[in-house]
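A.B. asks: Residue numbering for the sequence shown follows the working numbering, starting at 31 and increasing by one per position.
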Amino acid sequence: MTTVITLLESLALHLRWWGRALVAWRDPCAPMRPRRALLLMVGFPLFLLVQTGHALCLLLDEVLFPSYRRVEVGRALFITGIPRSGTTFLHRTLAVDSQRYTTVTTWEALLAPSITQRKLLSGLGKLDRALGGWGRRIVDTLTRRMTGDFAAIHDVGLNAAEEDYLTLLPAGGCFILMLIFPGSPGLYELGHFDRRMPSGRRRRLLRFYERSLQRHLYADGQQRRLLSKNAAFGSWLAGLHSQFPEARFMICVRDPATALSSQLSSVASAGPLFGTSVDNIKFQQYFLNLFAETLDHLGETMANWSLSQGVVIDMDDMRERPSMIIMRALACIGEPMGPELADHIQRLPAGTASQHRHTVESLAIPHDTMEAAMRPGYQQVIALPQRIRITE
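So this is what it looks like as structure tokens:
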């Protein structure tokens with residue numbers, strides 16, 4: 031019943047965001063230009079149609095595969111923190127241990143959030159391989175063209191380990207929609223989840239998310255543990271810990287002004303597509319508020335945790351000594367390493383630089399304003415006893 035309520039609530043929210051955008055002609059964050067009008071009149075209805083299809087398949091799971099609800103998420107490993115702080119690197123490093131961990135891939139998150147869809151698409155994939163793999167090559171080509179320059183910032187591939195918060199799209203619980211509807215009520219709160227999301231909605235989204243993870247583990251065969259990475263879940267930390275008490279957490283942070291600059295630069299490629307003004311100071315302020323409150327929330331929440339429940343990793347430390355930092359982090363939270371993963375971690379090169387180019391000075395927000403908002407929370411987080419430090 032919770033799934034039905036959440037999906038109906040999502041439909042109402044999507045229609046509300048859509049209606050608000052259609053009449054907000056002079057919104058400085060999303061002015062109504064021809065491309066945005068086309069997105070709202072054609073693209074978004076198609077998106078809603080796809081999400082409706084996902085919702086129907088999720089409901090079909092309740093009939094065809096009801097036993098998935100008995101799957102225990104158990105001792106999952108969650109990677110979160112603030113965006114652009116090394117979460118993807120850490121996630122894909124640990125995902126090498128495919129014997130121990132299972133993680134949601136891009137195609138599963140976007141195309142098949144339900145068990146029904148996964149079984150159907152897996153069957154079609156086998157047929158395509160038998161016929162020479164033409165369908166797969168076409169989809170890969172379309173993916174490369176659609177992602178464009180973003181692929182240099184965040185590797186995108188159908189079988190790549192991806193953020194499973196994308197499975198919350200049918201529930202209207204995915205923060206990425208802020209790029210289309212900046213500042214919309216119900217979306218803005220997703221970035222301030224534990225503190226600002228109404229309690230009823232918060233409980234329903236956490237339950238829906240748990241169901242999504244149960245579906246994934248069920249479809250995967252229930253032999254491996256969940257490895258989950260969501261950079262946007264820093265503000266969800268207390269809720270996640272409450273929903274998954276056996277889980278362990280790896281929290282990634284970085285110099286906050288640099289992280290904010292990187293985040294806004296990374297979403298800039300979506301600006302022309304969605305008709306949003308990423309350079310507008312109001313748009314950037316939404317993300318500044320998100321980063322500042324998330325850092326404060328991380329420090330406040332983890333201050334009450336034991337050392338074995340979660341660790342803090344600063345990106346600069348991980349970049350300088352990746353093998354040391356990752357191995358110590360896993361040891362602190364009691365995560366075993368198989369020989370394949372241990373060998374992979376030992377071979378990680380130090381000092382690897384990102385191809386992504388951005389500058390703090392290019393932002394519309396004054397540097398002093400950013401520092402005043404984010405620096406105290408960041409300092410609190412990196413001062414926690416859970417931080418993994420470089421030592422000789």
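Where a beta carbon is used, it is the ideal one built from N, C-alpha and C, also for glycine. Quick caveat, the model's predicted, so the values are computed rather than measured.
1) According to DSSP, is THR306 part of a helix, a strand, or is it coil?
2) Taking buried to mean at least 16 other C-beta atoms within 10 Å of its own C-beta, is LEU236 buried or exposed?
3) Would you identify the three-state DSSP class for MET367, choosing helix, strand or coil?
4) Taking the alpha carbon of GLY122 as the point to measure from, which residue in GLY111, PRO113, ILE112, VAL134 has its own alpha carbon closest?
5) Would a C-beta distance cut-off of 8 Å place TYR248 and LEU198 closer than the cut-off?
6) Answer yes or no: do ALA188 and TRP137 have a C-beta to C-beta separation smaller than 8 Å?
7) Is ALA191 buried or exposed, if buried means 16 or more other CB atoms sit within 10 Å of its CB?
8) Distance check for TYR131 and HIS246, CA to CA, integer angstroms please.
9) Write down the C-beta distance between CYS362 and SER338 rounded to the nearest angstrom, noting that I regard them as a contact closer than 8 Å.
10) Would you kindly check if the distance between the Cβ of GLY364 and the Cβ of ILE281 is under 8 Å?
11) What three-state label does DSSP hand SER336 in the structure shown?
12) Counting only the same chain and skipping the five closest in sequence on each side, list residues whose C-beta sits under 8 Å from that of ILE412.
13) Please report the Cβ distance between ILE420 and LEU120, rounded to the nearest whole angstrom; I am assuming they are in contact, meaning their Cβ atoms lie under 8 Å.
14) When DSSP labels each residue in this structure, what does THR36 get in the three-state scheme?
15) In angstroms, rounded to a whole number, what distance separates the CA positions of ALA403 and GLU323?
16) Using the DSSP secondary-structure output, state which residues sit across from GLY111 in a beta bridge.
17) Is DSSP giving ILE343 helix, strand or coil here?
18) Counting pairs of Cβ atoms below 8 Å between the region 98-110 and the region 269-277, do you hit three or more?
19) Please return the same chain residues whose Cβ sits closer than 7 Å to the Cβ of PHE223, not counting the five positions on each side in sequence.
20) According to DSSP, simplified to helix, strand and coil, what is LEU257?
21) Would you check if the distance between the CB atom of SER40 and the CB atom of ALA201 is smaller than 8 Å?
C.D. replies: Walking through what the data contain:
1) Position 276 of the sequence shown, counted from the first residue, corresponds to residue 306. Note: THR306 maps to coil in three-state DSSP.
2) In the sequence shown, counting from the first residue as 1, residue 236 sits at position 206. By the 10 Å Cβ count, LEU236 comes out buried.
3) In the sequence shown, residue 367 corresponds to position 337, counting from 1. Looking at MET367 - three-state DSSP - the assignment turns out to be coil, as it is neither helix nor strand.
4) What you label residue 122 is simply residue 92 of the sequence shown in a count that begins at 1. Note that residue 122 corresponds to Arg in the displayed sequence, not to Gly. Here the closest residue by C-alpha is VAL134.
5) Counting from one through the sequence shown, the residue named residue 248 turns up at place 218. Counting from one through the sequence shown, the residue named residue 198 turns up at place 168. Contact: no.
6) Position 158 of the sequence shown holds residue 188. Position 107 of the sequence shown holds residue 137. Before going on, a small fix: residue 188 reads as Leu here, not Ala. Yes, Cβ-Cβ distance for LEU188 and TRP137 is below 8 Å.
7) Looking up residue 191 in the sequence shown gives position 161. With 16 or more Cβ atoms within 10 Å of its Cβ, ALA191 is classed as buried.
8) Your numbering for residue 246 matches position 216 in the sequence shown. Your numbering for residue 131 matches position 101 in the sequence shown. Looking at the two C-alpha atoms, the distance is approximately 12 Å.
9) Position 332 of the sequence shown holds residue 362. Position 308 of the sequence shown holds residue 338. At roughly 7 Å, the Cβ-Cβ gap stays under 8 Å, so CYS362 and SER338 are in contact.
10) Working through the sequence shown from its first residue, we reach residue 281 at position 251. Working through the sequence shown from its first residue, we reach residue 364 at position 334. It is not a contact, given that the beta carbons lie outside the stated cut-off.
11) Your numbering for residue 336 matches position 306 in the sequence shown. Coil.
12) Taking the sequence shown and counting its residues from 1, the one referred to as residue 412 is at position 382. The beta carbon of ILE412 is closer than 8 Å to those of VAL283, VAL342, ASP344 in its chain, skipping five residues each way along the sequence.
13) Locating residue 420 in the sequence shown gives position 390, counting from the first residue. Locating residue 120 in the sequence shown gives position 90, counting from the first residue. ILE420 to LEU120, Cβ: 16 Å. No contact.
14) The residue labelled residue 36 in the question sits at position 6 within the sequence shown. Helix.
15) Locating residue 403 in the sequence shown gives position 373, counting from the first residue. Locating residue 323 in the sequence shown gives position 293, counting from the first residue. The straight-line gap from Cα to Cα measures roughly 9 Å.
16) Mapped onto the sequence shown, residue 111 falls at position 81. CYS282, per the DSSP bridge assignment.
17) Position 313 of the sequence shown holds residue 343. Strand at ILE343.
18) yes
19) Sequence index remark: in the sequence shown, residue 223 carries index 193 (1-based). Cβ neighbours of PHE223 beyond the five flanking positions: ARG232, SER265, TRP266, GLY269.
20) The residue labelled residue 257 in the question sits at position 227 within the sequence shown. In this structure, LEU257 counts as strand in the three-state DSSP scheme.
21) In the sequence shown, residue 40 corresponds to position 10, counting from 1. In the sequence shown, residue 201 corresponds to position 171, counting from 1. Result yes, Cβ atoms of SER40 and ALA201 sit closer than 8 Å.
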